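Novice: Starting off with a structure, shown below.
Number of protein chains: 2
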Amino acid sequence: MTERFVVLKLLIVILRCSSLNMGATKTDLFTKEQNDMAAMAKALAHPARIAILEYLVAKNVCITSTFVEELGLAQATVSQHLKELKLAGIIQGSIEGTSVCYCINPKIWKQYKALFNSFFKDVAPNGQDCC
Amino acid sequence: MTERFVVLKLLIVILRCSSLNMGATKTDLFTKEQNDMAAMAKALAHPARIAILEYLVAKNVCITSTFVEELGLAQATVSQHLKELKLAGIIQGSIEGTSVCYCINPKIWKQYKALFNSFFKDVAPNGQDCC
DNA sequence: TTTAATTATCGCAATATTGCAATAATACAA
DNA sequence: TTGTATTATTGCAATATTGCGATAATTAAA
Numbered sequence: 006m007t008e009r010f011v012v013l014k015l016l017i018v019i020l021r022c023s024s025l026n027m028g029a030t031k032t033d034l035f036t037k038e039q040n041d042m043a044a045m046a047k048a049l050a051h052p053a054r055i056a057i058l059e060y061l062v063a064k065n066v067c068i069t070s071t072f073v074e075e076l077g078l079a080q081a082t083v084s085q086h087l088k089e090l091k092l093a094g095i096i097q098g099s100i101e102g103t104s105v106c107y108c109i110n111p112k113i114w115k116q117y118k119a120l121f122n123s124f125f126k127d128v129a130p131n132g133q134d135c136c
Numbered sequence: 006m007t008e009r010f011v012v013l014k015l016l017i018v019i020l021r022c023s024s025l026n027m028g029a030t031k032t033d034l035f036t037k038e039q040n041d042m043a044a045m046a047k048a049l050a051h052p053a054r055i056a057i058l059e060y061l062v063a064k065n066v067c068i069t070s071t072f073v074e075e076l077g078l079a080q081a082t083v084s085q086h087l088k089e090l091k092l093a094g095i096i097q098g099s100i101e102g103t104s105v106c107y108c109i110n111p112k113i114w115k116q117y118k119a120l121f122n123s124f125f126k127d128v129a130p131n132g133q134d135c136c
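Heads up: the sequence lines are chains A and B, in that order. Here our numbering is used: the first sequence runs in plain steps of one and ends on residue 136. Here our numbering is used: the second sequence runs in plain steps of one and ends on residue 136.
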């Protein structure tokens, strides 16, 4: 009786989990705009990537080895963060000898700026309680 | 000879990993402002949380059960996302009977708006190559 | 062609996030 | 007090992210 119940529960768990993708974000529940907005935020969701972007905005260009010195992270780690930013489109790299020179992608940068700006619409400055 | 080498390598790995915090973000390498900016971005880095904020901006107030219907995620999952947004300070909840009524925290919302806006400084619209 | 310099990728371990069922906690009504 | 409705928390599994050593790939110089 109790045994049967346990077996049944186990089967349910197995069925549920074997239908896969457990633990991953359910992107299909949301609009493309919402998923894109979240993806943009994710690209900014690490202090190293914030630091990289701030540095590029201030200095215009920078090569990987300088980022490694500036950030204090291992070369492999920095390379990965740069890859993510490049994948998000917000920076671009051009090969310069044995180095790679990175800079902001101005077009995508402006898109980010515009989308974040329109996301943060003005809200009424109501009091402490909502309802 | 080879054996000694292997043992030494193992020891190095153990020492390195036992100094702990492996896999976690190295926040101490960055400024408070950079960590804060990344944390704000992280709060927005999920489509469900984007959807929640958009809904609140549009409708002003909303209770948990409505979010559950709107989002199509399980109640536990929605509750967790609301908790994260509350922890980030960007929303606030007030108990209304057996429900909890959520709304944007206008003060923090404006802070987010201002900080994202000042993060996306204007960049020169240079060409394809950086250097 | 060999060597040096620089960057990208692989493989692994640790931590973090996502999602949900089950259950606990809370507030109201009967 | 007991039951009902709603929300929060717990515990677990799956996936994602972070970090880095080792190594491969790429480019320029010798």
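For each residue, glycine too, the CB sits at the ideal point set by N, CA and C. Bear in mind the structure is a predicted one, so any value in this text is a computation, not a measurement.
Counting only Cβ-Cβ distances shorter than 8 Å, please list the residues of the stretch 78 to 105 of chain A near chain B, keeping chain order.
Specialist: Residues of the stretch 78 to 105 of chain A whose Cβ lies closer than 8 Å to any Cβ of chain B, in chain order: Leu78, Gln97, Gly98, Ser99 and Glu101.
Novice: In the DSSP output, which residue or residues are listed as bridge partners for A:Val105?
Specialist: As a working note, residue 105 of chain A is residue 100 in the first sequence. A:Val105 is bridged to A:Ile100.
Novice: Compute the beta-carbon to beta-carbon distance between A:Gln97 and A:Lys91, rounded to the nearest angstrom, for a pair I have assumed lies under 8 Å.
Specialist: Here the question's residue 97 of chain A lines up with position 92 in the first sequence. Here the question's residue 91 of chain A lines up with position 86 in the first sequence. At roughly 7 Å, the Cβ-Cβ gap stays under 8 Å, so A:Gln97 and A:Lys91 are in contact.
Novice: Three Cβ pairs or more, each shorter than 8 Å: is that satisfied between the stretch 63 to 83 of chain B and the stretch 115 to 127 of chain B?
Specialist: no
Novice: So, using beta-carbon positions, are A:Leu61 and A:Ile109 closer together than 8 Å?
Specialist: Position 56 of the first sequence, counted from the start, is the residue given in the question as residue 61 of chain A. Position 104 of the first sequence, counted from the start, is the residue given in the question as residue 109 of chain A. Cβ atoms of A:Leu61 and A:Ile109: closer than 8 Å.
Novice: Can A:Arg54 and A:Ala48 be called in contact, C-beta distance under 8 Å?
Specialist: The count along the first sequence starts at 1 and reaches residue 54 of chain A at position 49. The count along the first sequence starts at 1 and reaches residue 48 of chain A at position 43. Yes. Within cutoff.
Novice: Which of helix, strand or coil does DSSP assign to B:Val73?
Specialist: Here residue 73 of chain B is taken as the residue at index 68 of the second sequence, counted from 1. Of the three classes helix, strand and coil, the one that applies to B:Val73 here is helix, per DSSP.
Novice: Return helix, strand or coil for A:Ile95, following the three-state DSSP convention.
Specialist: Here residue 95 of chain A corresponds to residue number 90 of the first sequence, with the count starting at 1. DSSP places A:Ile95 in the coil class of the three-state scheme, outside both helix and strand.
Novice: Return helix, strand or coil for B:Val62, following the three-state DSSP convention.
Specialist: Your numbering for residue 62 of chain B matches position 57 in the second sequence. Three-state result, B:Val62: helix.
Novice: Since B:Asn40 meets chain A, which of its residues come closer than 9 Å, beta carbon to beta carbon?
Specialist: In the second sequence, the residue the question calls residue 40 of chain B occupies position 35. The contacting residues are Pro52 and Ile55.
Novice: Sorted by chain position, which residues of the same chain lie with C-beta nearer than 6 Å to B:Thr69's C-beta, five sequence neighbours on each side aside?
Specialist: Looking up residue 69 of chain B in the second sequence gives position 64. Val105.
Novice: Out of B:Asn26, B:Tyr107, B:Thr82 and B:Thr32, which has the shortest C-alpha to C-alpha gap to B:Gly94?
Specialist: Along the second sequence, read from residue 1 onward, the residue named residue 94 of chain B stands at position 89. Here the closest residue by C-alpha is B:Tyr107.
Novice: Quick one: using the 10 Å Cβ neighbour count with 16 as the cut-off for buried, is A:Pro52 buried or exposed?
Specialist: Walking along the first sequence from the start, residue 52 of chain A turns up at place 47. So A:Pro52 counts as buried.
Novice: Between the C-alpha atoms of A:Met6 and B:Gly102, what's the straight-line distance to the nearest angstrom?
Specialist: Along the first sequence, read from residue 1 onward, the residue named residue 6 of chain A stands at position 1. Along the second sequence, read from residue 1 onward, the residue named residue 102 of chain B stands at position 97. Note that A:Met6 has pLDDT 39, beneath the 50 cutoff, so the model's placement of it is unreliable and no number is given.
Novice: Determine the burial state of A:Ala79: buried for a count of at least 16 other Cβ atoms within 10 Å of its Cβ, exposed for fewer.
Specialist: On the first sequence, position 74 is the one that residue 79 of chain A refers to. Counting Cβ neighbours within 10 Å, A:Ala79 comes out exposed, since fewer than 16 surround it.
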